[in-house]
Each structure stands twice: as structure tokens, then as C-alpha cells.
Amino acid sequence: MTRPPLNEIFKYKDKKAKDQAIYKARLQYGYTLKDIAEYIGVHYTTVSRAVKKIEGEDEK
6 MTRPPLNEIF
16 KYKDKKAKDQ
26 AIYKARLQYG
36 YTLKDIAEYI
46 GVHYTTVSRA
56 VKKIEGEDEK
């Protein structure tokens, strides 16, 4: 399976969509926190927090 490039995943219009794109890139396509963080211009801990936030929403 080939994964899509990050520029195809990150076509978001708001923060929630951005967090969902981060979650998808990380868990569905296996991008590293570092790869995602560098692409969107944030620290990798910001990416980690976004993933945890979406995981928390999935549990509700």
C-alpha cells in the first residue's frame, strides 16, 4: 500500500479538520510526528496533542 503525500491529506478548512487530518496522517498512513510537524510548521508535541484529542473524541 502506498500512502498519499501530506499535501493531499492536509486540505483542511478549520482547526477540527486540521486535527482530523493530523490523526489520519499519523494513524492511517503511518507518518511520524516529526514528518507531520515539519510539514505543517508546528512542534511535534502539538501533533501528538492533536492525535490524543481526536482519540478522546472517538472514545465518547
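The opening residue of the sequence shown carries number 6 in the numbering used here; numbering runs sequentially from there.
Note that beta-carbon positions come from the ideal geometry of N, C-alpha and C, so glycine has one too.
Residue i in three-state terms, based on DSSP
i	result
T7	coil
G35	coil
K18	coil
G46	coil
Proximity winner among the options, relative to residue i (alpha-carbon distances)
i	options	result
I59	I14, V47, Y28 and D40	Y28
E13	A30, G35 and D24	A30
P10	K57, S53 and A26	A26
Whole-Å CB distance - residue i paired with residue j, under 8 Å assumed
i	j	result
A42	H48	6 Å
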